[in-house]
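Read top to bottom, the protein sequences are chains A and B.
If you read the first sequence in the numbering used here, its first letter stands for residue 336, the second for the next number, and so on.
If you read the second sequence in the numbering used here, its first letter stands for residue 10, the second for the next number, and so on.
Everything below concerns the one structure shown next.
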Amino acid sequence: MGTVSFIRRLMTLVLLAALQIFFFNRIALFGYATPLFYIWMIARFDSSMSRSGILLWAFFLGLVIDVFSGTPGLNSASATLLAMFQPGLVKLFVSMDRHDVLVPGSDSMGGRPFAGYLLLMATIHHTVYFILRSIPLGDWTVLVLKVVFSVVMTFILMTVAEHSFSNTGSKRS
Amino acid sequence: MRSLLDFIVRHSYVFLFVLLETLSLILLFGFNDRQKEAYLTSANSLSGTLYEWRTGVEQYFGLRKENATLVRENARLRSLLYDLSDSLDSATERSMSSDGVVVARVIDNSVRKDDNYITIDKGRNHGIAQGMGVYSSDGVVGIVMAAGRKYSVILPVLNGSTSISCKVKGSDSFGFLEWNGGDPYMAQIKDMPYHSSVDIGDTIVTTGFTSVFPENIPVGTVAKVEHMKNGYTLRVNVNLAVDMSDLRWVYIHSRTRDAEIDELFKQVKD
């Protein structure tokens, strides 16, 4: 991993963590929906990264958010779990057996598979996140509502991000 | 060995994952109050369940010893119980006894025969004599038929030979209570005057005409009133006040027959 890409990743981490801490964590739309947009970083990890690398980045991303949100372990646990599944999830939505470096995106995977991939990522992460946050588990209905609403919010934000940023990098003719 | 090492290296991320997750969960349950509390509670309930199982198993193996202890304890309690019940008996006797009334314990009884008898643990030595009235706390039981030195035999209501003078409570209609077998809870008054005012539910008590019973000892309640065809008398079925099958203690009305009455009867007969 080159220094440049490392610094870029670090900046992404700081940016996404800051967004989450100062902005998204304060949102509770309809009382339930809190977007956890920072998983965008995990969703975009490319296939050249080692699995340990993915795990470590995700863990520290979650840890930084936790430290500044007063929820030690909550985001790091769910983010690390998501990072464990990430490579497998990418393979699930890529039909061809590709050997080149794949950065998950609608251009590399196709719009629908990428949307499905994002939705599944968000669902896995948010389910774990809200279960851990709601311990001791009491009201399952509220838990399910929180997961569903937040998944929708996060998904919308990630889709917006996909169309705003990622396409600028790979200009398609 | 080589391949094992290879495997470990290739899957080192799994160990990393476990490590990071463990770290996260330690943080989560160590520093968040709600989760910590939940963890402690569930840990407690888990260990509690385990303790319970262990105790259950241990208790099972200790059963034989426990049993022996219980049997000894049982024996000790039983002997205490007998002692107590003896002293209770004598205390009851003392407290219930009063002038003209002897308290006796029923030691033999029957209700299912055609002619039933009751045996009590008091006799002549205690002032019991033939012809005395016997009643319990509920009502009339019978009449002393024979008195031995220490025991007496009672002719209860449930005997064909018994006839007890009784009346409707609060009125002067009277007759003689008899029993003709069968239902041990039911007896009949046969010769109640035809125009007596008797209604179902009325209480029947002793008359006190004879000195066998004092007045107003309950006999039972009216269950049925039949007008006899002869046009002179009523037949009244009486639900007996006393459950004869469940007699423990009885009182014997031992007021001796007034000698003057006897004397007068004698004169009249002569």
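We put the CB at the ideal spot given by N, CA and C, even for glycine.
Given the structure is predicted, the values throughout are model-derived calculations rather than measurements.
Bridge partners - residue 466 of chain A, DSSP secondary structure assignment: Answer is none; residue 466 of chain A lacks a bridge partner.
Cutoff 8 Å: residue 77 of chain B Cβ touching any chain A Cβ: no
Within 8 Å, strictly: CB atoms of residue 407 of chain A and residue 36 of chain B: yes
Three CB pairs or more closer than 8 Å across the segment 138 to 151 of chain B and the segment 165 to 175 of chain B: yes
Among B:233, B:27, B:132, nearest to residue 386 of chain A - alpha-carbon criterion: B:27
8 Å CB neighbourhood of residue 378 of chain A in its chain, flanking five on each side removed: 421, 439, 452, 453, 456, 493
Residue 131 of chain B classed as buried or exposed, judged by whether at least 16 other C-beta atoms fall within 10 angstroms: buried
Proximity winner among A:424, A:354, A:423, A:413, relative to residue 466 of chain A (alpha-carbon distances): A:413
Where residue 358 of chain A sits in the DSSP three-state scheme: coil
Straight-line gap, residue 428 of chain A to residue 342 of chain A (C-alpha atoms, nearest Å): 29 Å
Three CB pairs or more closer than 8 Å across the segment 231 to 246 of chain B and the segment 190 to 197 of chain B: yes
Environment of residue 349 of chain A [buried if 16+ CB atoms lie within 10 Å]: exposed
C-beta neighbour in chain B for residue 394 of chain A, strict 8 Å: yes
Residue 13 of chain B to residue 469 of chain A span [Cα, whole Å]: 40 Å
Residue(s) in a DSSP beta bridge with residue 184 of chain B: B:175
Test item: CB-CB of residue 411 of chain A and residue 397 of chain A under 8 Å: yes
Cross-chain neighbours of residue 347 of chain A in chain B, by beta carbon under 8 Å: Simply none; closest approach about 19 Å.
Residues within the segment 397 to 423 of chain A neighbouring chain B, beta-carbon criterion of under 9 Å: 397, 398, 401, 405, 406, 407, 408, 409, 410, 411, 412, 413, 414, 415, 416, 418, 419
Proximal residues to residue 506 of chain A (C-beta, below 6 Å), its chain only, five neighbours per side dropped: Only weak support exists for where residue 506 of chain A lies, its pLDDT of 41 falling under 50; the coordinates are left without a value.
Presumed contact (8 Å Cβ cut-off) between residue 230 of chain B and residue 183 of chain B, rounded CB distance: Not quite, the Cβ-Cβ distance comes to about 16 Å (not below 8 Å), so this is no contact.
Residue burial classification, residue 503 of chain A (beta-carbon count within 10 angstroms, cutoff 16): At residue 503 of chain A the pLDDT is 47, less than 50, meaning the model places this residue with poor confidence and gives no usable figure here.
Unbroken beta strand (DSSP E) run spanning residue 199 of chain B, endpoints: 195 to 202
Inter-residue CB distance, residue 200 of chain B and residue 242 of chain B (contact presumed, cutoff 8 Å): 5 Å
Status (buried if at least 16 other CB within 10 Å, exposed otherwise) for residue 88 of chain B: exposed
Rounded straight-line distance, which links the Cα of residue 80 of chain B to that of residue 186 of chain B: 51 Å
Contact with chain B by residue 470 of chain A, beta-carbon distance below 8 Å: yes
Proximal chain B residues relative to residue 382 of chain A, where beta-carbon distance stays under 8 Å: Here the premise fails: no neighbours, minimum Cβ distance about 14 Å.
Neighbour-count burial assignment, residue 159 of chain B, 16 or more Cβ in a 10 Å radius: exposed
Top-ranked residue by Cα proximity to residue 445 of chain A, from A:345, A:497, A:360, A:338: A:497
Length of the line joining the Cα atoms of residue 508 of chain A and residue 442 of chain A: Because the pLDDT at residue 508 of chain A is just 34, under 50, the model does not fix this residue reliably, and the point stays unresolved.
Under 8 Å between C-beta atoms of residue 152 of chain B and residue 221 of chain B: yes
Residue-chain proximity (residue 84 of chain B, chain A), Cβ-Cβ < 8 Å: no
Three-way DSSP call (helix, strand, coil) for residue 461 of chain A in this model: helix
Nearest-angstrom beta carbon gap, residue 179 of chain B and residue 227 of chain B [assumed within contact, 8 Å]: Contact doesn't hold; Cβ gap of about 13 Å is too wide.
Residue-level contact to chain B via CB, residue 467 of chain A, 8 Å cutoff: yes
Burial state of residue 376 of chain A (16 or more Cβ within 10 Å): buried
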